[in-house]
Amino acid sequence: MKTHNSLITFTKKETIVTIGTFDGVHIGHQKIIKKLVKVAHTKKLESVVLTFFPHPRMVLQKTSDIKLLNTIKEKETLLSHLGLDHLVVKTFDKAFSALEAEDFVKTILVEKLKAKHIIIGYDHRFGKGRSADINDLRTYGKRFNFEVEEISAQDIEEVAVSSTKIRTALNNGEIVTANAYLGYHYFITGTVVKGKGLGRTIGFPTANIHIKEDYKLIPKNGVYVIKATIDGRPVFGMMNIGTNPTVDGKHQTIEAHFFDFDADIYDDELKIEFIERLRDERKFDSIDLLKAQLKQDKIDAKDFI
Numbered sequence: 010m011k012t013h014n015s016l017i018t019f020t021k022k023e024t025i026v027t028i029g030t031f032d033g034v035h036i037g038h039q040k041i042i043k044k045l046v047k048v049a050h051t052k053k054l055e056s057v058v059l060t061f062f063p064h065p066r067m068v069l070q071k072t073s074d075i076k077l078l079n080t081i082k083e084k085e086t087l088l089s090h091l092g093l094d095h096l097v098v099k100t101f102d103k104a105f106s107a108l109e110a111e112d113f114v115k116t117i118l119v120e121k122l123k124a125k126h127i128i129i130g131y132d133h134r135f136g137k138g139r140s141a142d143i144n145d146l147r148t149y150g151k152r153f154n155f156e157v158e159e160i161s162a163q164d165i166e167e168v169a170v171s172s173t174k175i176r177t178a179l180n181n182g183e184i185v186t187a188n189a190y191l192g193y194h195y196f197i198t199g200t201v202v203k204g205k206g207l208g209r210t211i212g213f214p215t216a217n218i219h220i221k222e223d224y225k226l227i228p229k230n231g232v233y234v235i236k237a238t239i240d241g242r243p244v245f246g247m248m249n250i251g252t253n254p255t256v257d258g259k260h261q262t263i264e265a266h267f268f269d270f271d272a273d274i275y276d277d278e279l280k281i282e283f284i285e286r287l288r289d290e291r292k293f294d295s296i297d298l299l300k301a302q303l304k305q306d307k308i309d310a311k312d313f314i
C-alpha cells in the first residue's frame, strides 16, 4: 500500500474509491474495505481509501474535544494489512470545507484520483455545508462516467454502532469488549521517556510512555495487562494509567512494567496493546501496601497471560 499526503504524487491509473474517516479500522470498516479490494481485483482497478486529517470536527467545531481511536500513523498501519493499493490522506482545513460538491467530485475524485467506481454509504454527505448526498453523487457519476455503489444501511449502522461502542467501552475500561468490536487489541503508540524513578526503587521499574497526539483516546484510568513488541519479540507486562495518588501525583501518566525484561529503551517508540483490565487505580496508605498490591497484580496478570 502506498500512502499519499499529496494528490500530486498520485497514480495515473483508474481507481475504485471509498471515502471516510475510518477511525479504528474496526470490523465494520474492514468489511467495507475488503469489498472495495475485491471489486478492484474484479474490475482491474486500483483500490483507494480517501480519508481526511485533521478530523473534520477538529477544524469545524472550535470546542470539539473529540478523541480518536487511531493516530493517522496507526490508521495507516492498520489499513496496510487489508490489501489496499493506496491510502490518500487529504488535509482537511477551512478552505477544503468550503469546496462545492461539484468541484470536489470533478477536481479530486475524477481528475486526481481517476475514479471509475465509488463505494459510499447511503448517508454520506459531502461538499460545502455537507450539501450533497449519494443521489447527487450518482448524478455526477453519469456526467463524469463513474459508477456509484451504495453501502447498505445495515453495514453503515454496524460501523456507527461499533465506533460508538468501542469509545464507550474504552472510556469504561472494558477492554475485552472494545477488542471484540475492533477485531484486534486496542493499542497506543508512544515514546519511552524518563519518569521520577519511583517504580525502580520498589522493585517495579516502569517505562513512562509519552503520546504526542493529544487527540488519541486513552482508556479509563486503571491497571491493565499489556503486550509490546520490543526488538522484534513480544514482551508482556502490566500498565498503570492514572495520577499515582499514593504519592500525591497530580497529572495523568502512562507507565508500563514489563515482565522478565531489563534493557534500556529510553527514547524508543513502542506499540503497546491492551489485553485485559485488572483493576481501578487506588490510593494506598503506604508505599509498602502499594508494593504488595503490585506483586498481586503481577501474579494476576501472569495468570491471565
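Start counting the sequence shown at 10; every next residue gets the next number (this note's numbering). Glycine included, C-beta positions come from ideal geometry on N, C-alpha and C.
Exercise. Count the CB pairs spanning the stretch 88 to 101 and the stretch 59 to 69 that are closer than 8 Å, and state whether there are at least three.
Key: yes
Quiz prompt | Within the stretch 226 to 307, ranges of the beta strand (DSSP E) (whole runs, at least 3 residues) | solution = 231 to 239, 242 to 251, 262 to 267 and 278 to 288
Practice problem: Quick one: grab the DSSP three-state call for G138. | Solution: helix
Self-check item: Helix, strand or coil at F105 [DSSP, three-state]
Solution: Looking at F105 - three-state DSSP - the assignment turns out to be helix.
Practice problem: Find out if the Cβ-Cβ distance for the pair E158, I128 is shorter than 7 Å. | Solution: Taking 7 Å as the Cβ cut-off, E158 and I128 qualify as a contacting pair.
Quiz item: To the nearest angstrom, how far is it from the Cα of A110 to the Cα of K137?
Solution: Going by the C-alpha atoms only, they are around 6 Å apart.
Exercise. Let me know the secondary structure DSSP gives F96 once reduced to three states.
Key: Inspection of the sequence shows that residue 96 is occupied by Leu rather than by Phe. Reduced to three states, the DSSP call for L96 is strand.
Exercise. Kindly indicate which residue of F105, K205, R242 and I227 has the alpha-carbon position closest to the one of L269.
Key: The question names Leu, but residue 269 is Asp in the sequence shown. Answer by Cα proximity: R242.
Practice problem: For L118, collect the residues of the same chain with a Cβ closer than 6 Å to its Cβ; drop the 5 residues on either side in sequence, then sort them by chain order. | Solution: A124
Quiz item: Can you tell me the Cα-Cα spacing of Y149 and K11, whole angstroms?
Solution: 27 Å
Quiz item: So what does V58 bridge to, in DSSP terms?
Solution: As DSSP reads the structure, V58 sits in a beta bridge with T27 and L96.
Exercise. Can you check the stretch 155 to 192 for any beta strand (DSSP E) of at least 3 residues that lies completely inside it and give the ranges in chain order?
Key: List check, beta strand (DSSP E) in window: 156 to 160.
Quiz item: What did DSSP end up calling L122 once you bin it into helix, strand or coil?
Solution: In the three-state scheme derived from DSSP, where H, G and I count as helix and E and B as strand, L122 is classed as coil.
Quiz item: So, is N249 buried or exposed, given that buried needs 16 or more other C-beta atoms within 10 angstroms?
Solution: buried
Quiz item: Which term fits R176, buried or exposed, when burial requires 16 or more other beta carbons within 10 angstroms of its beta carbon?
Solution: buried
Quiz item: Between G3 and N253, what straight-line distance do the alpha-carbon atoms span, to the nearest angstrom?
Solution: Nothing can be reported for residue 3: it is not among the residues displayed for the chain, which extend from 10 to 314.
Self-check item: Chain-order list of residues whose beta-carbon lies under 6 Å from that of R147 (same chain, five-residue window excluded)
Solution: V157
Quiz item: Does the pairing of the stretch 270 to 286 with the stretch 191 to 203 give three or more beta-carbon distances under 8 Å?
Solution: yes
Quiz item: Since V114 is in the beta strand (DSSP E), which residue starts that stretch and which ends it?
Solution: From DSSP, V114 is part of no beta strand (DSSP E); its letter is neither H nor E.
Quiz item: Do you know whose CA, among T30, F213, G251 and D312, lies nearest G228's CA?
Solution: The sequence given here has Pro at residue 228, not Gly. Per the Cα distances, G251.
Exercise. Indicate the three-state DSSP secondary structure (helix, strand or coil) for L77 in the structure shown.
Key: strand
Quiz item: Can you pull the DSSP bridge partners for G130?
Solution: Beta-bridge partners assigned by DSSP to G130: I160.
Self-check item: First and last residue of the uninterrupted alpha helix (DSSP H) at G37
Solution: I36 to K52
Quiz prompt | Nearest-angstrom beta carbon gap, V244 and F267 [assumed within contact, 8 Å] | solution = 5 Å
Exercise. For the alpha helix (DSSP H) holding N144, just list the boundary residues, first then last.
Key: I143 to F153
Self-check item: Host alpha helix (DSSP H) of T210 (start-end)
Solution: L207 to T210
Exercise. State the beta-bridge partners of I220 as determined by DSSP.
Key: None; I220 has no bridge partner.
Practice problem: Would you mind working out which of Q305, V114 and K311 sits nearest R152, comparing C-alpha positions? | Solution: V114
Quiz item: So what does DSSP say about K11, is it helix, strand or coil?
Solution: strand
Exercise. Measure how close the beta-carbons of N79 and V34 come, nearest whole angstrom, since I'm counting them as under 8 Å.
Key: 7 Å
Quiz item: What are the partner residues of V202, as DSSP defines its beta bridges?
Solution: N217
Quiz prompt | Between the CA atoms of N144 and T338 - distance to the nearest angstrom | solution = One cannot answer for residue 338 here, as it falls past the ends of the chain, which runs 10 to 314.
Exercise. Go ahead and pull the three-state DSSP assignment for I17.
Key: helix
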